[in-house]
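J.:
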Ligand code: ADP
């Protein structure tokens, strides 16, 4: 290993210094004393430099160059360089931090950083505006002590999905959407937005659709009534029979669309969670499937497989809508030679309703869209079979209100399986209480 130059010169100096002491000792006698004296002087010089360096490092200013050449001078210059670099880095971080602070302050969304214990580590000024947080009081507090809404507490313990919307604790009739984003080592960033305007618009949209549907229903009933009378009237010329029948079909279609629209807006605007009535699912499924028992009309065979007698806690009419829409769709989109199988079973996740058919299936790229309102893969076929384009939207919303999820597996030309998974907390044994969740 090669010694750096500064060390070579330092060792050279020490050797020269000792040789000089040796020569002086030889000349004047008492060599040992000369050598000890020389070493003591060298040590004193070194200690002085260490002392000066130590004092200089205590302050925050530059390290003074108390030697101009040799090992010490180089060492001091290097220490000074490192300190200058650290100082400029610190300044840069300060600037960056200020910029982050200013930009997060300008954001309309509130951002809160939480540690794994859900304690608040940091928040931006918007969090003060939206949630009334106070930096001097709330840093270090658990967020669920400040935001106590049960939906938020539940979401905090299991942050799945796209986030939640809860009433604002600050503004009456205000709404906040909260999303938790995990990062780092089990830390979380809570992004909170004021969604009062969107919620108001959404309510207006729902009210408008509900009102328009209700207003249209009465005139349509009258038109339908007159059409029925005309169809039965023997005085009406024969040539009018076909147009009247077509008008009846269209009036029926409009009635069905209005019925589904009213049902959908009712489910959408009902309280967030569905009721907890005892609903005997096996019986309900038996009744629905019985409607498709072999008949004169050619249609696929419907088989019910009851693998459990579990009932559900929920809204009877909404659960009926879910089952009816899925079975009805399966029958409509399956040729008469095909088959439809309906399964009711319990699994580790909860209870499962699966409706499987050997029908026309859905193209892969459209599976995610079929639950949108009025989305139809083949509008002509949907209309021809009495569809309104709202069935699956109703299924999706009704399921959400029961804490359930809809899974669609389908292959074009081979068939589809629609699986509704209900949480365990909604399962009820016959006449018994809800099965323990967990
Ligand atoms: P529609 O009244 O048109 O059936 P839905 O909302 O119930 O409205 O369904 C939307 C679309 O999803 C349907 O038009 C159809 O294209 C597709 N679809 C639904 N169920 C099935 C099924 N079992 N097999 C094939 N396609 C289906």
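Residue numbers (the numbering used here): 452 to 889.
Just so it is clear, CB atoms sit at the ideal spot from N, CA and C, and this is done for glycine as well.
1) Buried or exposed for residue 651, going by 16 or more other Cβ atoms inside 10 Å?
2) Let's see if you can read the secondary structure: which residues bound the beta strand (DSSP E) around residue 901?
3) Taking only heavy atoms of the ligand ADP into account, decide whether any of them is closer than 7 Å to the Cβ of residue 784.
4) Between the C-alpha atoms of residue 727 and residue 776, what's the straight-line distance to the nearest angstrom?
5) Quick one: give me the first and last residue of the beta strand (DSSP E) that residue 752 is part of.
6) Straight-line CA distance for residue 683 to residue 703?
7) Hey, could you find the ends of the beta strand (DSSP E) residue 574 is sitting in?
8) Just the Cα atoms here: how many angstroms apart are residue 493 and residue 545?
9) May I have the straight-line CA-CA distance separating residue 680 from residue 687, to the nearest angstrom?
10) Checking the sheet assignment: what are the DSSP bridge partners for residue 795?
11) Would you call the region 833 to 849 and the region 801 to 818 touching, i.e. three or more CB-CB distances under 8 Å?
12) Tell me residue 424's beta-bridge partners as DSSP assigns them.
13) Can you check the region 555 to 606 for any alpha helix (DSSP H) of at least 4 residues that lies completely inside it and give the ranges in chain order?
14) Would the region 758 to 769 and the region 785 to 802 be scored as touching if the rule is three or more Cβ pairs under 8 Å?
15) Could you tell me whether any non-hydrogen atom of the ligand ADP is closer than 7 Å to the CB of residue 808?
16) At which residues does the alpha helix (DSSP H) containing residue 862 begin and terminate?
17) With distances taken from CA atoms, which of 543, 709, 750, 767 is nearest residue 841?
18) Does the beta carbon of residue 893 fall short of 7 Å from some heavy atom of the ligand ADP?
19) Would you check whether the ligand ADP has a heavy atom nearer than 7 Å to the C-beta of residue 687?
20) Please return the same chain residues whose Cβ sits closer than 6 Å to the Cβ of residue 749, not counting the five positions on each side in sequence.
21) According to DSSP, is residue 461 helix, strand or coil?
22) Within this structure, are the beta carbons of residue 716 and residue 671 separated by less than 8 Å?
23) Is residue 866 helix, strand or coil by DSSP?
24) Assuming residue 725 and residue 853 make a contact with CB atoms under 8 Å, what is their CB distance in whole Å?
25) Could you check whether the Cβ of residue 828 sits closer than 7 Å to any heavy atom belonging to the ligand ADP?
26) Please report the Cβ distance between residue 829 and residue 867, rounded to the nearest whole angstrom; I am assuming they are in contact, meaning their Cβ atoms lie under 8 Å.
27) Who are the Cβ neighbours of residue 864 in its own chain at under 8 Å, not counting the five residues just before and after it?
28) Using a Cβ-Cβ cutoff of less than 7 Å, which residues in the same chain neighbour residue 469 once the five nearest sequence positions on both sides are dropped?
29) Any chance you could list the beta strand (DSSP E) runs of at least 3 consecutive residues sitting entirely within the region 668 to 755, in chain order?
30) By how many angstroms is the C-alpha of residue 472 removed from the C-alpha of residue 483?
31) Is the Cβ-Cβ distance between residue 588 and residue 525 less than 8 Å?
32) Reducing DSSP to helix, strand and coil, say where residue 832 ends up.
33) Comparing the CB of residue 790 with every heavy atom of the ligand ADP, is any distance shorter than 7 Å?
34) Helix, strand or coil for residue 813 per DSSP?
35) Who are the near neighbours of residue 887 in its chain, counting only those whose CB is closer than 8 Å to its CB and skipping five residues on each side?
T.: Result, derived from the coordinates:
1) As a working note, residue 651 is residue 200 in the chain shown. Exposed.
2) In the structure as shown, the chain starts at 452 and stops at 889, and residue 901 therefore has no counterpart that could be examined.
3) Position 333 of the chain shown, counted from the start, is the residue given in the question as residue 784. Checking every heavy atom of the ligand ADP against the Cβ of residue 784, one is found closer than 7 Å.
4) Position 276 of the chain shown holds residue 727. Position 325 of the chain shown holds residue 776. Straight-line Cα distance between these residues: approximately 21 Å.
5) What you label residue 752 is simply residue 301 of the chain shown in a count that begins at 1. Run containing residue 752: 752 to 757, per the beta strand (DSSP E) assignment.
6) As a working note, residue 683 is residue 232 in the chain shown. As a working note, residue 703 is residue 252 in the chain shown. Rounded to the nearest angstrom, the two C-alpha atoms are 16 Å apart.
7) Position 123 of the chain shown, counted from the first residue, corresponds to residue 574. Unbroken beta strand (DSSP E) run through residue 574: 571 to 574.
8) Working through the chain shown from its first residue, we reach residue 493 at position 42. Working through the chain shown from its first residue, we reach residue 545 at position 94. Each residue's alpha carbon lies about 44 Å from the other.
9) Locating residue 680 in the chain shown gives position 229, counting from the first residue. Locating residue 687 in the chain shown gives position 236, counting from the first residue. So the two alpha carbons sit approximately 10 Å from each other.
10) Counting from 1 along the chain shown, the entry for residue 795 is found at position 344. Beta-bridge pairing links residue 795 to 757, 804.
11) no
12) This structure leaves residue 424 out entirely; the chain is present only between 452 and 889.
13) 576 to 582, 586 to 589, 594 to 597
14) yes
15) Your numbering for residue 808 matches position 357 in the chain shown. It does: the Cβ of residue 808 is within 7 Å (strictly closer) of some heavy atom of the ligand ADP.
16) For the purposes of this step, residue 862 is taken as residue 411 along the chain shown, with counting starting at 1. Unbroken run through residue 862 is the beta strand (DSSP E), 856 to 862; no alpha helix (DSSP H).
17) Here residue 841 is taken as the residue at index 390 of the chain shown, counted from 1. The shortest C-alpha separation from residue 841 is found at 709.
18) Past the edges of the chain, shown from 452 to 889, lies residue 893, and the structure says nothing about it.
19) Counting from one through the chain shown, the residue named residue 687 turns up at place 236. Result no, Cβ not under 7 Å from the ligand ADP.
20) The count along the chain shown starts at 1 and reaches residue 749 at position 298. The answer, listed in chain order, is 787.
21) Sequence index remark: in the chain shown, residue 461 carries index 10 (1-based). Residue 461: helix per DSSP, three-state reduction.
22) Sequence index remark: in the chain shown, residue 716 carries index 265 (1-based). Sequence index remark: in the chain shown, residue 671 carries index 220 (1-based). No.
23) Locating residue 866 in the chain shown gives position 415, where the first residue counts as 1. If DSSP states are grouped into helix, strand and coil, residue 866 belongs with the strands.
24) Within the chain shown, numbered from 1, the residue matching residue 725 stands at position 274. Within the chain shown, numbered from 1, the residue matching residue 853 stands at position 402. Yes, residue 725 and residue 853 are in contact; Cβ-Cβ is about 5 Å, under 8 Å.
25) Sequence index remark: in the chain shown, residue 828 carries index 377 (1-based). For the ligand ADP, at least one heavy atom lies less than 7 Å from the Cβ of residue 828.
26) To locate residue 829, count along the chain shown from 1; it is residue 378. To locate residue 867, count along the chain shown from 1; it is residue 416. That belief does not hold up - the Cβ atoms of residue 829 and residue 867 are roughly 14 Å apart, past 8 Å.
27) As a first step, residue 864 must be located in the chain shown, where it is residue number 413. Closer than 8 Å at Cβ, skipping near neighbours: 811, 812.
28) For the purposes of this step, residue 469 is taken as residue 18 along the chain shown, with counting starting at 1. Here the set comprises 486, 489.
29) 728 to 730
30) Numbered from 1 along the chain shown, position 32 holds the residue referred to as residue 483. Numbered from 1 along the chain shown, position 21 holds the residue referred to as residue 472. Whole-angstrom Cα-Cα distance: 9 Å.
31) Counted from its first residue, the chain shown places residue 588 at position 137. Counted from its first residue, the chain shown places residue 525 at position 74. The answer is no: Cβ separation not under 8 Å.
32) Taking the first residue of the chain shown as 1, we reach residue 832 at position 381. Helix.
33) Along the chain shown, one-based indexing puts residue 790 at 339. Result no, Cβ not under 7 Å from the ligand ADP.
34) Looking up residue 813 in the chain shown gives position 362. Correct three-state label for residue 813: coil.
35) As a position in the chain shown, residue 887 is number 436, starting the count at 1. Low confidence applies to residue 887: its pLDDT is 38, below 50, so where it sits in the model is not reliable enough to give any reading.
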